[in-house]
Each structure stands twice: as C-alpha cells, then as structure tokens.
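These protein sequence lines are chains A and B, in that order.
Going by our numbering, the first residue of the first sequence is number 4, and it counts up by one from there.
Going by our numbering, the first residue of the second sequence is number 4, and it counts up by one from there.
All residues carry an ideal CB built from backbone N, CA and C; glycine is no exception.
All of these numbers come straight from a predicted model, not from anything done at the bench.
One structure is given here, and the rest of the page talks about it.
Number of protein chains: 2
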Amino acid sequence: MDSESTSTSSHQPWEQLKACLESNDRDGLIRTAQNLEPSERARTISRLDLDERQRLLTGLSPRVAADWIKELPSSQAAEIIGRLEPVQASGMLAELASDERADLLAQLDERATNAILQTMSPEEAASARQMVSYDPATAGGLMIRELLCYPENLQVRDVLADLRENNATYSDYEVQYAYVVQRPTNADGTEDPLHFGKLVGVLRMRDLLLSDPATSLAKLMIKEPLAAQTGTTLDELSEIFDRRSFLGLPIVDPKGHLVGVVLRHDVEEARANRADDDNLKLLGIIGGEELRTMPLATRAGWRLSWLIPNIFLNVIAISVIALFESTLEQVISLAVLLPLISDMGGNAGIQAIAVSIRELNLGLLRAHEIWWVALKEGSVGLINGVILGAMVAAGAWIWQGNPYLGLVIGVAMAVNTLVATMVGGVMPLCLKRFHFDPALASGPVLTTITDMSGFFLVLSLATLVLPKLI
Amino acid sequence: MDSESTSTSSHQPWEQLKACLESNDRDGLIRTAQNLEPSERARTISRLDLDERQRLLTGLSPRVAADWIKELPSSQAAEIIGRLEPVQASGMLAELASDERADLLAQLDERATNAILQTMSPEEAASARQMVSYDPATAGGLMIRELLCYPENLQVRDVLADLRENNATYSDYEVQYAYVVQRPTNADGTEDPLHFGKLVGVLRMRDLLLSDPATSLAKLMIKEPLAAQTGTTLDELSEIFDRRSFLGLPIVDPKGHLVGVVLRHDVEEARANRADDDNLKLLGIIGGEELRTMPLATRAGWRLSWLIPNIFLNVIAISVIALFESTLEQVISLAVLLPLISDMGGNAGIQAIAVSIRELNLGLLRAHEIWWVALKEGSVGLINGVILGAMVAAGAWIWQGNPYLGLVIGVAMAVNTLVATMVGGVMPLCLKRFHFDPALASGPVLTTITDMSGFFLVLSLATLVLPKLI
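Laid out in structure tokens, this is it:
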C-alpha cells in the first residue's frame, strides 16, 4: 500500500494517521505527527480510538508522545498511560512537568501506579508518590518541582556558571526566581529526595544580573521570603497573588523545607477552570470535562445522573397541577399557559443564579449576605415581573377575549418572576452555607420551586375567579 | 465626629469608608483604604454608590486610586473616569498599563476622551488615541506598550547600565525579552510617538545575563524574530502561543515598526473571558459582566432583553397545545404531563449545547462537522431517551392505571429527548455557520423547537389512541 497516495487522498490529519497505523508505516506516522500544527493535535488525537491512540504514542519518541498526551483531558490521558508497558509509560511521564505527571498518576489505579513507580529510581518514585498525595486544589497539588535552588554559601558567579552549564535543562523552567536553601548539616545528612533543603531566601534573576559576581548569595538574597504550606488552598493562594506581584511562590513543608513552587499562571488557570466547571454544572454538565470523543456509556451516564434527579423533581412540581384538575377541565386554555409560566420562571431564576455563582467565584459576595442579595434581586424581579406580567396579560386577554384570564396569568407571571429572581439569587448562597455545591444543586432545586409556585399561582387564582373564566 | 469610634462601630470596610466620606475625614479615608487587604478592594468599592466612588478616588493619590480603579469592571471604571475633572482622570490613567488605559478610554464618549487627551502631551495623546482605535480582540487591543527596546548599535553593557538606572520604572514591566530596533536614519528622523522603530531582533534576558558586556546587541540578538501584526486575531495569537513557548510576542505595524508586545498571560486571559462570556450567555446573562452593584435599570434591562424574546418564542411553542384543545379536554391528565416534557427536553438539549460551545471554544470542533456531532449526540440521545421514556411511562401507567397513557408519554419523552439532544448539539454549529452568536441564540431557539416537538408528540400520539385514554 502506497502511504503517499493515502495521505493525499485523505484530508483530515487523523485519517492520515489512521492510514499509517493500518499500514504499519512508522516513518509516515512520525512524519505526519511532526508536520501537524501543534494547535491541531488536540482535535486530531481526540478523533482516534483508544487503541489507535496507544499505537500512535508508542510509535513516537517519548518526548514527542508527551507533547501529544498533554493535549488530552487528564482522564483520557491516564486511560492510555494505564494501558502502556510501565517502562514506556514511565518514559513519557518523565517528559512531563512534575505537576502534570502527578495529575496523571493520581488517576491511575494503584496497581498501574506501582508498576510505573517501580521503573523509576527510588528518589524519583518517592518524589512522585508524594506529589500524588496532595489535594489538587491546594498548593501541594498546584506546585511544580522544576525550580532553581542553591545553597546559601555560594556566590553569584557560581549561580551564573550553573545557569550557563545547564542552560538546556533550565530552558523548560519558568525561571523568575532562584531559591536559597540550607542543606542538612547533621551527620546522617543524606539528600532527602522529598525536599530541597530549608528555605532561607529568594533571589530575583534581575538582582543576579546586576550584581558583582563575588557577592555571596546569603548577602544578595531577600531573607525570610514569603512562602506557603503545601496545604494552602486555591482561594488563599489567589489572595496572595492578588496582593503581591509575585510570579511564583515557594512552597514549604511544615518544617520549612522547600518542596516546590506555585506559579501565578497555574493559580489563575486553576481558578478559571473552577469558574468554568461551575458554569458547566449549571448547564447540566456535571462530569466537568465531557468531550464527544469519550466513551458513549460515560457520556450518557454523566448526563443521566443530572437528568434523572430532574425527572423526580419535575414530578413533585407537576403534582401541584394534579390538585387542580377540576379547574383545568373547566378552563382548558389554562393548560396551554402552564408551560409558559414554568419556562419563564426557570429563565428568570437561572439568570439570578448565574450572577450569584459568578460573584461568589469572583470574591464579590460572601455566603452570609443573603438579605443583601434578596433585596437586589427583589427589585430586579419586581420590575421584570411587572413588565412580563403585563405582556402576557395583554396577550391572554386578546387571545381568549377574557380580561379575567389576562388578570390571572398576568398576576401569576409577575409574582412568579419575582419569586424566581429572588430565590435564584439567594439559592447558591444558602446551598453554600450548608456545604452543598451551589453550581450543581441550584438549577434543579430552583426550577422545582418556581414550577410549583407558578402552577399554584395560575391555578389557585383561576379557581378564585372560576365563574368569570368559564 | 470621632472617626475612631465610627470605624470600630462599623464592621464592613465600605461602611468605614462611607463614614469617612460623610465626615470629610480625608486622613481616615486614606488610612482605611491603605489598611484594607487588596483582595477586599473589589468587593468594597462595588458597595459604594457612584458618587461615593468618585469622592473616594479623588481623595486618594492617583497611584492608589489607579489600584482601586483596576478592581472595577471596565464599564463601571469608565463611568467614574468620565465624571472626574480631565486632569484628575488623566493622572489616574497615567498610572495604568497602556492596554488598561485604552480599554477605559474606549468606553468614554468622544467629548470626555478628547478633554482627557488634551491634558496629555501631544505624543502621549497620539499614542493613546492609536491604542483606542484597535479592536480589543486583536493584537493591537491586547498589546501593551511597556516594553524594553534598544537600538542595535548598543552593547550589552549599555543595556545593563540602563536596566540598573531605570530599575524603578521597569519593575512594573513584565520583562522577559528586550527588543532591538533600528531608529529612523533619514533627515527628518524625529521620533515618531506611535512606534519604537523598525524591529530587527529580540534579546532574551538570560542571554544578556550570560554574555560578555562588550558584545554588541546586533550580534547577540535573535534576528528576524517572529512578530505579529496589530490586526492578528485572538484565535491566531492563541495558536502562536500554543505552538511556541514564548512569554511575549512583539507586535508590528504594516511597515515592520515595533508598536507593542502581547503577553502570553493576556492572550490566555482574553480567551478564558470569551469562554466565560459564552457560558453566561447560555444562562441568560447577555451583558457579559452583570454585577449586583450596577444600576437597577441596567440590570433589569439586560435581563429583560433575554426574557422578552423568550416569551415570544414560548408563545409560538404553546400555540401547538392550542391545536389539540379537544384532546386535552377529554384527557386532562395530559395537561399535567406537558410541563414535564417541556422541561426535560430543555434539560437534555442544554447539555448538548454546552458541550458543543465548549468544544468550539477549545478548538476541538469546527462549525462544518454537523454530521459528526449529530451522530455522537444521536447515540447519547437514544440511550438517554429510552431510559427516561421508560421511567415516565412506568410512572404515568401507575399514576392513572392506564398503560396507554404510559405508552403515549413514554414514547413522546424518548423521541423528544433524542430530538433535543441532537438539535442541541448541532444548533451552535449551524448558528456559527450563519454568523450568529451560538452562545446567545442556541438556548432560546432550542427550547422553542423541543417544546413544539414535545407538545406535538404527546398530543398527537394521545389523539391517535384517544378512545383508549378516556
């Protein structure tokens, strides 16, 4: 089979890769992978099936394979890593940054993790194992171990020499600072693979550049630098970076040993991802990173786990309608209007929820400020309720020629919009106070409440003026 | 009035600031503002009214006032800037980065902008006017002008001397590179305030650090560096930064003159903001950055501009129910079930929309891949439809003791879930192909379609088996 003609006849890069895999054309595979724009990698690998992905990655060098793995969501990347020979997996993992490596290892089952760790040196394995143990939403989980650190007794010239010598290694680092440490001085002072020594100072690259080469690091360094513990939360880190213009923050263990550095960039990314996840949850995507290339059962399952609770909540809501069947039988036009009330209540409420979730994420709102939000949303809800109520009242009056029908639906729409807007604004705060996930639960709980109140308003008002409606 | 007792009796920082403003206690104002954690600034200023904000900012030094202004959404910041005396406004703007300054100026009316520009030097004004003219979603709008650049005939030692001398000024810059330029050599070679000269090379800070001070910049620099034009779009910039590990990219005008630098950080932020805006639009927040501290009329207006079109679309949808009034009259329990069908169709559809919008934003999906998405969503929709359909069929059968009612609602739910999932997945792609905003229009259009199909399915199936239902 002529791979050249294959690659001209197929336009999509994944089709070219599939053809190379099919014809066992390893050179073609490497060439096709190399010629691809990096921005096309994510889409391309996502279109291969699990088996093809595995064969693609093992066909490439570990370095190039690592670049491809980075483009996959971590759950999918872990799935492939788990299928590789431990030595192969270990080779690719070695090319990743320490935080990415830890993220992947954390998603493997214990057997696979252990098999991979056994291919590493004891020091590397101990360090990787420690990285995996941290909560991803803390400094330990966000930090990287790729950092520059030097003992305090060195001089500027030693650092410059080291930088020159290891230029190639360091070129992957995001170097803004170098850290100054005290190596253990006690008798059994073998190097501990889990930390870099006691943190005593920080050097700015700029200061190194501008100093006499004979200056000692101990003299040049900023002493007692601000550092955070591994358990520091994402919110706390955000606050530190908001307050100071640091590009990186050293992370220490409880004994003050330097264990890594958290970059401003990674904190901002983690924060943005959390806000993004919250918005997706409001839209019913609770897996967080559903992609269409994931297995069908996973996708259907994630979506059902949101849809099924919604059905039960809906049944509670529509049971209100069943209480008024005799009114409905006599004024069948009410049945036409019920879905309108239900839909508009949901719409008005979800707007208020979205604003609350956003303000909570931006730190502009605290969970106890329920009355303030109720007031703010109450005023918007009142205005919008009156306007929307007047619109549907006029419409219903004209439609059936009965002003009382207009009155019933208009008042119900106005009051329900007010209720939906206030409840929607307050709901995320209440859920947060009781330690529920506001993004996950707000929507379904809200629509149940607004449906019930909407149906009750329309049907009870209609029952009150029933003689005028028939 | 004793400001000390005021500040102890009021717990919230904005209450303290309000008290200082009321008692004209400028020292107290400055002290309170200074003592506040920077992370509390956003929340605090957002709780002051427009007049209080103006008095706060004019009470602080321009430098400190600029720090506070940055915490406001740009529309609100522009509102205050527009109310200040041009000289005061100009002083605060001078403390902002050039891109932030341009964002604010772009939101003022022309009269206010001109008044502020007149307080600046002609060069500053020309430069600011040019920055304002760029589209914010292009390199021109994203770039900053705070950069280091040197003529090519200098030596490393000259750069080091300049860095030492201007350390204070540059400490606000995000310095990773210095750019090397050719100054104009022709007779009328007065400095053009709109650019820095023709870009000929780029210097890495690291190389400066490691080089002999007598090296000429022309020899050390990386020649013909990658640069982008001011009109380069956000998507194109994202692709460049995805492909290369640059922290900054020089921006040139059509003649190759250096006009600014775009930082990786700012491109990532702009991209994240766009994805965030899209999610908010799906949730009915179309203003982009609604905060509860904005004026009531603005907030109510933005929300109504989404709710009112939804009412009209809803009326179209419920008109389907009106066609089947005689069926409804005979089987009133159908009226109870209609809101369930409508709500679940919307839920299943919005999940699919959210996944499509997300994949489009991540570059994993192209607008023409409609059939691929239809297939992927069709399979999820089929599985979920069958499961949800079976559930409601069983429920309805038990409730009314009539298997035919179960059949009608079950089949309608199954088919409508399939329709909603497929239409929801495909809708954003279709809208994008016809140059509508997928995030804005997908939701309302989808629910109209799924409501119509859901109501039609339930009521036409019921009409078919009507004798069995009565």
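Proximity test, Cβ basis, 9 Å: residue i and chain A
| i | result |
| --- | --- |
| A275/B | yes |
| K222/B | no |
| I83/B | no |
| T236/B | no |
| E149/B | no |
| A278/B | yes |
| W309/B | yes |
| N169/B | no |
Inter-residue spacing [alpha-carbon to alpha-carbon] between residue i and residue j
| i | j | result |
| --- | --- | --- |
| A128/A | P253/A | 22 Å |
| D238/A | E149/A | 23 Å |
| T235/B | W374/B | 31 Å |
| L331/A | L340/A | 11 Å |
| A92/B | A303/B | 30 Å |
| A444/B | I288/B | 12 Å |
| I147/B | I412/A | 55 Å |
| K226/A | T61/B | 37 Å |
| G31/B | Q19/B | 9 Å |
| E242/B | L51/A | 22 Å |
| E168/A | L213/B | 11 Å |
| R29/A | A22/A | 11 Å |
| A465/B | R114/A | 56 Å |
| L316/B | D440/B | 18 Å |
Three-state secondary structure assigned by DSSP to residue i
| i | result |
| --- | --- |
| Y180/B | strand |
| P76/A | coil |
| A370/B | coil |
| Q57/A | helix |
| Y137/A | coil |
| S64/A | coil |
| Q15/A | coil |
| S214/B | coil |
| S26/A | coil |
| L157/A | coil |
| T122/A | coil |
| R2/A | The requested residue 2/A does not occur in the structure, where chain A is confined to residues 4 to 473. |
| I356/A | helix |
| A442/A | helix |
| I335/B | coil |
| T450/B | helix |
| H268/A | helix |
| K222/A | helix |
| L283/A | helix |
| G251/A | strand |
| L233/A | According to the sequence displayed, residue 233/A carries Thr and not Leu. Here T233/A sits in coil by DSSP. |
| L111/A | coil |
| K201/A | strand |
Minimum Cβ-Cβ distance from residue i to chain B less than 9 Å
| i | result |
| --- | --- |
| D102/A | no |
| H268/A | yes |
| K379/A | yes |
| N27/A | no |
| A105/A | no |
| I335/A | yes |
| L331/A | yes |
| S49/A | yes |
Supposed close pair residue i, residue j - CB separation, criterion 8 Å
| i | j | result |
| --- | --- | --- |
| P154/B | R186/B | 5 Å |
| T233/B | D256/B | 6 Å |
| A423/B | G366/B | About 26 Å separates the two Cβ atoms, so there is no contact after all. |
| A474/A | D281/A | Residue 474/A is absent from the structure shown; chain A starts at 4 and stops at 473. |
Neighbouring residues, chain E, relative to residue i (Cβ below 9 Å)
| i | result |
| --- | --- |
| R246/B | Annotation note: the requested chain E is absent from the structure, which comprises protein chains A and B. |
**the stretch 443-462 of chain A / the stretch 381-401 of chain A touching (three or more Cβ pairs under 8 Å)** = no
**Asked** Between the stretch 347-365 of chain B and the stretch 290-308 of chain B, are three or more C-beta pairs nearer than 8 Å?
**Response** no
**Item:** At least 3 beta-carbon pairs within less than 8 Å: the stretch 319-337 of chain A vs the stretch 320-336 of chain B
**Value:** yes
**Message:** Count Cβ pairs between the stretch 209-224 of chain B and the stretch 125-144 of chain B that sit closer than 8 Å; are there 3 or more?
**Reply:** no
**Prompt:** Okay, do the stretch 310-328 of chain B and the stretch 314-330 of chain A touch, 3+ Cβ pairs below 8 Å being the bar?
**Reply:** no
**Asked** Any contact of the stretch 194-214 of chain A with the stretch 101-117 of chain A, i.e. 3+ C-beta pairs under 8 Å?
**Response** no
**Request:** Count the C-beta pairs between the stretch 158-167 of chain A and the stretch 115-122 of chain A that are closer than 8 Å, then say yes if the count reaches three, no if not.
**Result:** no
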